[in-house]
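Asker:
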Amino acid sequence: MSVNQHTHAGPPYGQPQPGYQGYQQPAYGGQPLPGVPHAQYGAYNGPMPGYQQPVPPQGYFPSLGFPSKGSPVSLNSDTSLAPNFIGSVRALPTSGAPPPASGTSLPSGHQGYSQFGQGDVQNGIPTSTAPMQRPPASQPFLPGSAPAPVSQPSTFQQYGPPPSSVQQLSNHMAGMTIGSTSISAPPPAGLGYGPPTSVPPVSGSFSATGSGLYTPYTASQGPPPPSVPQGLPLAQPPFSGQPVPTQRLPTEVPGFAPPLSSAGIGPSSYPPSTGAPRLPPMPGPPLSGQTVAGPPMSQPNHVSSPPPPSTLSGPHPGPPMSGLHGPPPPTHPPQPGYQMQQNGSFGQVRGPQPNYGGAYPGTPNYGSQPGPPPPKRLDPDSIPSPIQVIEDDRSNRGSEPFVTGVRGQVPPLVTTNFLVKDQGNASPRYIRCTSYNIPCTSDMAKQSQVPLAAVIKPLATLPPEETLPYLVDHGESGPVRCNRCKAYMCPFMQFIEGGRRFQCCFCSCVTEVPAHYFQHLDHTGKRVDFYDRPELSLGSYEFLATVDYCKNNKFPSPPAFIFMIDVSYNAVKSGLVRLICEELKSILDYLPREGNMEESAIRVGFVTYNKVLHFYNVKSSLAQPQMMVVSDVADMFVPLLDGFLVNVNESRTVIASLLDQIPEMFADTRETETVFGPVIQAGLEALKAAECAGKLFIFHTSLPIAEAPGKLKNRDDKKLINTDKEKTLFQPQTSFYNNLAKDCVAQGCCVDLFLFPNQYLDVATLGVVTYQTGGSIYKYAYFQLETDQDRFLNDLRRDVQKEVGFDAVMRVRTSTGIRATDFFGAFYMSNTTDVEMAGLDCDKTITVEFKHDDKLSEDSGALLQCALLYTSCAGQRRLRIHNLSLNCCTQLADLYRNCETDTLINYLAKYAYRGVLNSPVKAVRDSLINQCAQILACYRKNCASPSSAGQLILPECMKLLPVYLNCVLKSDVLQPGPEVTTDDRAYIRQLVTSMDVAETNVFFYPRLLPLTKADVDSDSLPAAIRNSEERLSKGDIYLLENGLNIFVWVGVNVQQGLIQNLFGVSSFSQISNTLSTLPVLENPFSKKVRSIIDMLHLQRSRYMKLIIVKQEDKLEMLFKHFLVEDKSLTGGASYVDFLCHMHKEIRQLLS
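Per the numbering used here, the very first residue in the sequence shown carries number 13; after that it's consecutive.
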């Protein structure tokens, strides 16, 4: 029967479908959840008896295409991936949670056929997570059994076997007739790329309709129902001695060694499509673990347990979580196992889906007819694995120090622990580039579309084994610089005329060497004091700045810290005010200080506020602190000069007395309204009066609605999502704070903001000053003492203690041929070259994009010099210099061989997150996909050896670009779930903008560790596994971290002993998911897990929130959003589907 004969009678996509009439999907306990729309798919209640499906002829294995001799099956990383390569039907996840709706549901009793045994999901690094060639022994070609030619009905395309080198995709993807058995594909499903009804004529190329037009899958349709993907055992063993299909590897890139035959893409991974019955719609309770939307009980970092479960408002960094309401932002890569139409886009549903019963009202329920066989999908183990790439880099590059003496060396990955030896180029801890070999011409750069950018972290913390930059003091004359471009002396300057002059490596100008700096040259032209001077032999160093580098030509005073505490009703009632005051007593002993100083030079001041501001005189000569109230907030001034900013040691008793009194003074406050603008103005005025730079620590709880400058209104509007006005949600609602930020930067007043919202706070507006002054925002939604205290106090301690430079200006100089054109990060720019920051700490990065303004030469390469002028915490004016030399190339292959995907993703995420301020989110997503496709298409066209169009070929060092890019596309900023608040999105947007490469890496692709596999006797972490639900086993405990949260996921079948050892309770049901720390128990497993968590905390700049997730618990929905290789509830594509989509985009560009 032709499936095409059935027309779809349901409404078009993008509109909510009516629910499946009459059934409410029960929640976990069997009661309907409040506020959850009816789900229209019934749950799986057992297979429908009664029909078999056609069996393919013996010897034909769909996974291997047509056995024409030597035809390439391409699946490898320089990765050729047949676009619609079929992978194993996934093993049944042992988690009991519904597996991704893919594959086929089969009668129970048939064994799952994949490289894992049934019910035993492989954890750890799969033997071959990256696509590889199988040894000949397992090739399933049978002598004399080549299938008959394929007939070509032009109805729709099926994900079939990869096209052989001869066959074009158009006929390959049409329904196949092999021998006498026809395999017809089920119709496309209702999710689509491309307008739902566009079906251009059949052709091998993909028309532009598929290029990133997404039709949303309306959220009211609910998540797809679970399917039960168990394959059937293969009837016959593979035979050896047959020709091995060749793999397609671009000549210049090494491929993979053959894997162990237990894993991979041989016949064992692909189930034959025999008798898989389809399920009719059946009402019934959801499968255990099936996601039913309901308010989560606790939320990730900056989202914590909402007071009443009904007022859900929480974000989570990383892929969003979604309930079943409100259409999600449009973005739908094909669902696993859905067919493409001839144009590569999805169209209207024309018939039932396997496992999708009569999903839409109006679709006939062919209960008694034989259904089409299940669509097949790519085997996740045959596509590039982030875990494998990370492990390979660790083993190859983790043991040797990275010596920076050679130009254009690509450093080890950020996930590898390595030591750096500075021999003339800055350490990758300070600068990482998207490519270390840049095109010689702008035409080449345009052709490749690879952005040329550097992620610079000027004050990065180094591990104890590495030497801090040396401080060079040239006395009154200051650092030696080029006369014309003002570049600072560095290892690349060329001394000439016996050392009397030097030629600038940036602009080629010749400058006299000052007499005091003169030194003779040796026989190679190097100065004889080359190794004695850091600026001649090292990539990073500091100069002591002279008075000419200081404001108003006078040396700065040491900076000040002002603590400004919201004492409105909310802050007092939650216990926050008392907590802050208690903590400040001890924290003031840990203010940052210069290496050898006895005590910190930083002075401190205190302000409390609600609708008015209270200043405190804590002069050491007073017996008690004095309070002064400023109620005229419209015209802010500081009522006292002497006694406001004091030395901690001198005024210790007065400060302690003040911190004891503040919680008592405001204990009975009824004032709920707050101001915000005047608070920053007050801090700024105080620093101006003291003539110093400094930092404001503001602890704030609510939207500032009190009458005052900078007053805000609640403008939160979820209806703007997916409209052209969505961008306004990310923009400040008034220009007041932009102007205030400008004044703060001029004074060197940096603002750090600690937010404790219980409702909308307008982070997009409140964060403007923080963002433009180089400060940090911390957010603790629904703050509760018992669960959030540790996280807040750890963040506060680290924020107060960390190294920070004040009143900073950074400039990046480049050699002739390229120049810095664009900057991303938390800073202010008053001109096109200088990045100004009131404060710059050791965690902040500035990302700089470069463009060509002339030709470069392969011989001389390209140079960058980042110079940062700042005031240290002791009040010393310094210059920190970082130099980096890059290679230049005339061949695109050299560019692609020297890229760094992690840095590229860091840049692309920041570029996209800035884009949402001015463009619709959909346009931003489409441009990301398009740029990525162009990068890969250019490689395919110019660098890969010729191969059939049916292969996806990825450059070796960019093979993770698709998986990581998909994670960025699925993030909360670009694709929020319905419960992600506007504030969460604004917060994440600002956070990511100044993240370094290591932070974006784990933020977008979280780290998932099997705790039960940890060796309790060693110090090492267990090997990470891939972020997919099918990697989880019911009998294990896992830890997932993304830099903001740590989830501990406990499977339902975990041994009682393990539960007792980790949680101190006797059974799974007794584990509390409100724990914010693990209990301290004296047993090896508990100690090991706690030491792993402590180790992770040390690696991250923020204290991560611990969330305990029990399998099949409501919180599991949240956890699953971080399993980024799976399809997300908000409609984000799975990794497999996105790879297929990228392949279509690339082919479209190439055709």
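Built from N, CA and C at the ideal position, the CB exists for glycine as well. A quick note: this is a predicted structure, and the numbers were derived from the prediction, not measured.
(1) CB residue 1085 to CB residue 1130, shorter than 8 Å?
(2) Quick one: measure Cβ to Cβ for residue 550 and residue 434, integer angstroms, because I've assumed they're closer than 8 Å.
(3) Three or more beta-carbon pairs under 8 Å between the segment 762-771 and the segment 734-746, yes or no?
(4) Within its chain, find whatever has a CB closer than 6 Å to the CB of residue 423; leave out the 5 residues flanking it on each side and keep chain order.
(5) Leaving aside the five residues before and after residue 595 along the sequence, list all residues of the same chain whose C-beta is less than 7 Å from its C-beta, in chain order.
(6) Going by other Cβ atoms of all chains shown within 10 Å of its Cβ, with 16 needed for buried, is residue 1107 buried or exposed?
(7) How big is the Cα-Cα spacing for residue 1069 and residue 1026?
(8) What residues in its chain sit with their C-beta under 8 Å from that of residue 919, if we drop five residues either side in the sequence?
(9) Quick one: which unbroken alpha helix (DSSP H) runs of 4-plus residues sit fully inside the segment 1061-1088? Chain order, please.
(10) Grab the span of the alpha helix (DSSP H) containing residue 1148 for me, first residue to last.
(11) Tell me which same chain residues have a C-beta within less than 6 Å of the C-beta of residue 645, skipping the five on either side of it?
(12) Please classify residue 809: does DSSP put it in a helix, a strand, or coil?
(13) Put residue 757 into one of helix, strand or coil per three-state DSSP.
(14) So is residue 511 buried or exposed if we call it buried at 16+ other beta carbons inside 10 Å?
(15) Using 8 Å as the cut-off, can you tell me whether the segment 811-819 makes contact with the segment 700-708, which would need three or more C-beta pairs spanning the two stretches below that distance?
(16) For residue 883, which three-state DSSP category applies?
(17) To the nearest angstrom, report how far apart residue 390 and residue 1060 are at their CA atoms.
(18) How many Å lie between residue 618 and residue 776 at the Cα?
(19) Report the three-state DSSP secondary structure of residue 707 (helix, strand or coil).
(20) Using three-state DSSP, classify residue 510 as helix, strand or coil.
(21) Please state whether DSSP places residue 1046 in a helix, a strand or coil.
(22) Going by C-alpha to C-alpha distance, which of 1072, 1141, 1156 and 908 sits closest to residue 461?
(23) List in chain order: all unbroken alpha helix (DSSP H) runs of 4+ residues lying wholly within the segment 453-515.
(24) I want to know whether the segment 992-1001 touches the segment 1040-1048 - three or more CB-CB distances under 8 Å.
(25) Helix, strand or coil, according to DSSP, for residue 1135 in the structure here?
(26) Per the DSSP calculation, residue 641 is bridged to which residue(s)?
(27) Quick one: is residue 991 buried, meaning 16 or more other Cβ sit within 10 Å of its Cβ, or exposed?
(28) Where does residue 1122 fall in DSSP's three states?
(29) Restricting to Cα atoms, I'd like to know which of 936, 629, 948 and 904 is closest to residue 664.
(30) Which class does residue 675 belong to by DSSP, given the choice of helix, strand or coil?
(31) Between the segment 546-562 and the segment 480-490, are three or more C-beta pairs nearer than 8 Å?
(32) Just verifying my parser: in three-state terms, what is the DSSP assignment at residue 793?
(33) Please classify residue 1082: is it buried, with 16 or more other beta-carbons within 10 angstroms of its beta-carbon, or exposed?
(34) If you draw a straight line from the alpha carbon of residue 1163 to that of residue 905, how long is it in whole angstroms?
(35) State the beta-bridge partners of residue 823 as determined by DSSP.
(36) Given a threshold of 16 other Cβ atoms within 10 Å of its Cβ, counted over all protein chains shown, does residue 643 qualify as buried or as exposed?
Answerer: This is what the structure gives:
(1) Taking the sequence shown and counting its residues from 1, one reaches residue 1085 at position 1073. Taking the sequence shown and counting its residues from 1, one reaches residue 1130 at position 1118. Not in contact: residue 1085 and residue 1130 (Cβ atoms no closer than 8 Å).
(2) One-based indexing of the sequence shown puts residue 550 at position 538. One-based indexing of the sequence shown puts residue 434 at position 422. Sure, about 5 Å apart at Cβ, within 8 Å.
(3) no
(4) Stepping through the sequence shown from its first residue, residue 423 is reached at position 411. Contacts found: 414 and 440.
(5) Numbered from 1 along the sequence shown, position 583 holds the residue referred to as residue 595. Only 805 and 808 meet the Cβ criterion.
(6) Working through the sequence shown from its first residue, we reach residue 1107 at position 1095. With fewer than 16 other Cβ atoms within 10 Å, it is exposed.
(7) Along the sequence shown, one-based indexing puts residue 1069 at 1057. Along the sequence shown, one-based indexing puts residue 1026 at 1014. So the two alpha carbons sit approximately 16 Å from each other.
(8) Here residue 919 is taken as the residue at index 907 of the sequence shown, counted from 1. The answer, listed in chain order, is 446, 463, 465, 467, 836, 859 and 861.
(9) 1068-1075
(10) In the sequence shown, residue 1148 corresponds to position 1136, counting from 1. Looking at the DSSP string, the run of the alpha helix (DSSP H) that includes residue 1148 is 1147-1162.
(11) Working through the sequence shown from its first residue, we reach residue 645 at position 633. Correct list, in chain order: 687, 690 and 720.
(12) One-based indexing of the sequence shown puts residue 809 at position 797. Of the three classes helix, strand and coil, the one that applies to residue 809 here is helix, per DSSP.
(13) As a working mapping, residue 757 is identified with position 745 in the sequence shown. Of the three classes helix, strand and coil, the one that applies to residue 757 here is helix, per DSSP.
(14) Against the sequence shown, residue 511 aligns to sequence position 499. Label assigned to residue 511: buried.
(15) yes
(16) As a working note, residue 883 is residue 871 in the sequence shown. In the structure shown, residue 883 sits in a strand (DSSP, three-state: E or B).
(17) The count along the sequence shown starts at 1 and reaches residue 390 at position 378. The count along the sequence shown starts at 1 and reaches residue 1060 at position 1048. Cα to Cα, residue 390 sits roughly 29 Å from residue 1060.
(18) Counting from one through the sequence shown, the residue named residue 618 turns up at place 606. Counting from one through the sequence shown, the residue named residue 776 turns up at place 764. Near 26 Å, if we compare the C-alpha coordinates of residue 776 and residue 618.
(19) Against the sequence shown, residue 707 aligns to sequence position 695. In the structure shown, residue 707 sits in a strand (DSSP, three-state: E or B).
(20) As a working note, residue 510 is residue 498 in the sequence shown. Residue 510 falls in the helix class under three-state DSSP.
(21) The residue you call residue 1046 lines up with position 1034 of the sequence shown. Correct three-state label for residue 1046: coil.
(22) For the purposes of this step, residue 461 is taken as the residue at position 449 of the sequence shown. The shortest Cα separation from residue 461 among 1072, 1141, 1156 and 908 belongs to 908.
(23) 454-460
(24) no
(25) Here residue 1135 is taken as the residue at index 1123 of the sequence shown, counted from 1. Note: residue 1135 maps to coil in three-state DSSP.
(26) Taking the sequence shown and counting its residues from 1, one reaches residue 641 at position 629. Note: residue 641 sits in a beta bridge opposite 626.
(27) For the purposes of this step, residue 991 is taken as residue 979 along the sequence shown, with counting starting at 1. The residue in question, residue 991, is buried, as its Cβ has 16 or more Cβ neighbours within 10 Å.
(28) Position 1110 of the sequence shown, counted from the first residue, corresponds to residue 1122. Three-state DSSP puts residue 1122 in a strand.
(29) Numbered from 1 along the sequence shown, position 652 holds the residue referred to as residue 664. Residue 664 has its Cα closest to that of 629, out of 936, 629, 948 and 904.
(30) On the sequence shown, residue 675 is found 663 positions in, with the first residue counted as 1. DSSP places residue 675 in helix when its eight states are reduced to three.
(31) yes
(32) Numbered from 1 along the sequence shown, position 781 holds the residue referred to as residue 793. In the structure shown, residue 793 sits in coil (DSSP, three-state: anything other than H, G, I, E or B).
(33) In the sequence shown, counting from the first residue as 1, residue 1082 sits at position 1070. So residue 1082 ends up on the exposed side.
(34) Sequence index remark: in the sequence shown, residue 1163 carries index 1151 (1-based). Sequence index remark: in the sequence shown, residue 905 carries index 893 (1-based). Residue 1163 and residue 905: Cα-Cα distance of roughly 21 Å.
(35) For this step, residue 823 is matched to residue 811 along the sequence shown. DSSP output for residue 823 lists 879 as bridge partner(s).
(36) Counted from its first residue, the sequence shown places residue 643 at position 631. Burial call: exposed.
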